[in-house]
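Enquirer: This note's numbering applies: residue 1 is where the sequence shown begins, and numbers increase by one. Where a beta carbon is used, it is the ideal one built from N, C-alpha and C, also for glycine.
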Amino acid sequence: MPLKLKNTLTKTEEVFEPINKDSVSLYTCGPTVYNYPHIGNYRAYIFGDILKRTLSYLGYNVKHIMNITDIDDKTIRDSIAEGKTLAEFTEFYTQEFYKDIEAIHIVRAEKYTKATDYIDEMVKMIETLIEKGFAYKGDDGSVYFDIAKDTEYGKLSHFTLSDLKENAKGRMSADEYDKENAQDFALWKAWDENDGEVFWETSLGKGRPGWHIECSAMSIAELGDHIDIHTGGVDNMFPHHENEIAQSECATGHQFVKYWMHNEHLMVDGKKMSKSAGNFYTLRDIEKLGITPMA
Numbered sequence: 001m002p003l004k005l006k007n008t009l010t011k012t013e014e015v016f017e018p019i020n021k022d023s024v025s026l027y028t029c030g031p032t033v034y035n036y037p038h039i040g041n042y043r044a045y046i047f048g049d050i051l052k053r054t055l056s057y058l059g060y061n062v063k064h065i066m067n068i069t070d071i072d073d074k075t076i077r078d079s080i081a082e083g084k085t086l087a088e089f090t091e092f093y094t095q096e097f098y099k100d101i102e103a104i105h106i107v108r109a110e111k112y113t114k115a116t117d118y119i120d121e122m123v124k125m126i127e128t129l130i131e132k133g134f135a136y137k138g139d140d141g142s143v144y145f146d147i148a149k150d151t152e153y154g155k156l157s158h159f160t161l162s163d164l165k166e167n168a169k170g171r172m173s174a175d176e177y178d179k180e181n182a183q184d185f186a187l188w189k190a191w192d193e194n195d196g197e198v199f200w201e202t203s204l205g206k207g208r209p210g211w212h213i214e215c216s217a218m219s220i221a222e223l224g225d226h227i228d229i230h231t232g233g234v235d236n237m238f239p240h241h242e243n244e245i246a247q248s249e250c251a252t253g254h255q256f257v258k259y260w261m262h263n264e265h266l267m268v269d270g271k272k273m274s275k276s277a278g279n280f281y282t283l284r285d286i287e288k289l290g291i292t293p294m295a
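1) For alanine 277, name the three-state secondary structure that DSSP assigns.
2) Could you spell out the range, first to last residue, of the alpha helix (DSSP H) harbouring valine 123?
3) Write down every uninterrupted run of the alpha helix (DSSP H) in the segment 21-74 whose length is 4 residues or greater and which is fully enclosed by it, in chain order.
4) By Cβ distance below 8 angstroms, which residues in the same chain neighbour asparagine 61 in space, the five residues on each side in sequence not counted?
5) Three or more C-beta pairs closer than 8 angstroms, one from the segment 12-22 and one from the segment 211-221: is that the case here?
6) Could you pull the start and end residues of the alpha helix (DSSP H) that histidine 254 belongs to?
7) Within the continuous alpha helix (DSSP H) that includes leucine 283, where are the two ends?
8) With the cut-off set at 8 angstroms, would you say tyrosine 259 and aspartate 228 are in Cβ contact?
9) Taking the C-alpha atoms as reference points, what is the distance between lysine 137 and leucine 129?
10) Per DSSP, what kind of secondary structure is isoleucine 220 in: helix, strand or coil?
11) DSSP state of isoleucine 245, grouped into three classes?
12) Would you identify the three-state DSSP class for threonine 113, choosing helix, strand or coil?
13) Kindly indicate the opening and closing residues of the alpha helix (DSSP H) around lysine 4.
14) Roughly how many whole angstroms lie between the Cα atoms of isoleucine 50 and aspartate 140?
15) Looking at isoleucine 119 and valine 143, is the spacing between their C-beta atoms short of 8 angstroms?
16) To the nearest whole angstrom, what separates the beta carbons of lysine 4 and valine 15, a pair I think is in contact under 8 angstroms?
17) In chain order, which continuous runs of the alpha helix (DSSP H) of length 4 or greater are located wholly inside the segment 150-198?
18) Can you give me the C-alpha to C-alpha distance between leucine 9 and phenylalanine 92, rounded to a whole angstrom?
19) Report the three-state DSSP secondary structure of histidine 240 (helix, strand or coil).
20) Could you say if the segment 261-270 and the segment 32-50 meet the contact criterion of at least three C-beta pairs nearer than 8 angstroms?
21) Could you name the residues of the same chain whose beta carbon sits closer than 8 angstroms to that of threonine 349, not counting the 5 residues immediately before and after it, in chain order?
22) Looking at isoleucine 65 and leucine 156, is the spacing between their C-beta atoms short of 8 angstroms?
23) Pick out whichever of Ile76, Lys288, Glu242, Phe145 has its Cα sitting closest to the Cα of alanine 186.
24) Of the residues Gly290, Ala277, Val257, which one's Cα is nearest the Cα of tyrosine 27?
25) Any beta carbon of chain C sitting closer than 8 angstroms to that of isoleucine 101?
26) For isoleucine 75, which residues in the same chain have their Cβ closer than 8 angstroms to its Cβ, ignoring the five residues on either side in sequence?
27) Count the other C-beta atoms from every protein chain shown that fall within 10 angstroms of the C-beta of glycine 154, then say buried if there are 16 or more, exposed otherwise.
28) Can you tell me which residues form a DSSP beta bridge with lysine 271?
29) Do you know whose CA, among Glu222, Met237, Glu121, lies nearest alanine 109's CA?
30) Determine the contact status of alanine 115 and proline 37, defining contact as a CB-CB distance below 8 angstroms.
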């Protein structure tokens, strides 16, 4: 019996056919290391783990990459609040994440890619987008992706820019927002005083990468520019994965990912578990209740 996958991109179940006969490239959006992941986050990582195990069982040679987001709005904000360097702050939570996945017996990815190790790749990709006319430098010094230039923008989330009317105009510097506020998003953020000592001096100017360009640059660097499967939580579908598709396909000129797979939210009392809602539980919270991580 052939393996069938539910592809978010096409909204259909499809028989899995890898790009290369015996190997599979798999990318999973990993943690933003500004706090302990909650068990809703681990639902996404366990989903990726089950998929990887299934593919391996079927005889495929799986190369699995998971990113570690160690540079974004939240990591900068909280590292400054705690009076620590970004590297010191994020390394602590990175190591705690590794302890957690060992505790719940997730098979380790072939590589965990830290965003701060791929700044050069991000800069080169942004330069390509500028050269091709898909990105521009704003009057604030940041570089933005021009969503109006991408005729397929919204195809993962299944909307068109015409659906959004006036809301699709303007620029968005925040990493996270909803699709009703889809706007040109930041590829490179010009330094400001809120960033403290976190910046890189590059051809794009003094600043740091936006969140979305990080995963595109890392996945392409490690898996190539046409990937079999990309997984993540449904909350990452927009804007993160939508923006990944836009910038990656506009940079390369061809399809970025063949199969997109998303797991649903973990619910608590009828509401999705999230740090912003304050209704989350970490593995440490579960252990305090006398429940083992393997339960």
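Expert: The answer reads as follows:
1) coil
2) 119-131
3) 39-57
4) The residues are Asp22, Ser23, Val24.
5) Two segments are said to touch when three or more pairs of C-beta atoms, one from each, lie closer than 8 angstroms; by this definition the segment 12-22 does not touch the segment 211-221.
6) Histidine 254 -> no alpha helix (DSSP H), and no H or E assigned at all.
7) 283-288 is the span of the alpha helix (DSSP H), which, as asked, contains leucine 283.
8) yes
9) 11 angstroms
10) Note: isoleucine 220 maps to helix in three-state DSSP.
11) helix
12) strand
13) Taken as a continuous stretch (DSSP letters only), lysine 4 belongs to no alpha helix (DSSP H), being part of the beta strand (DSSP E) at 4-7.
14) Distance between the alpha carbons of isoleucine 50 and aspartate 140 is about 44 angstroms.
15) No, the pair does not count as a contact, with Cβ atoms beyond the cut-off.
16) 6 angstroms between Cβ atoms; contact.
17) 161-164
18) 36 angstroms
19) helix
20) yes
21) This structure does not reach residue 349, given that the chain is present from 1 up to 295, and the question cannot be answered.
22) no
23) Phe145
24) Val257
25) In the structure shown, chain C cannot be found, because there is only a single protein chain.
26) Residue 75 is actually threonine in this sequence, not isoleucine. Apart from sequence neighbours up to five positions away, the residues of its chain that approach threonine 75 with a beta-carbon distance below 8 angstroms are Thr32, Val33, Tyr34, Thr69, Leu86, Phe89, Thr90, ordered along the chain.
27) buried
28) Val268
29) Residue Glu222 is the option with its Cα nearest to alanine 109.
30) no
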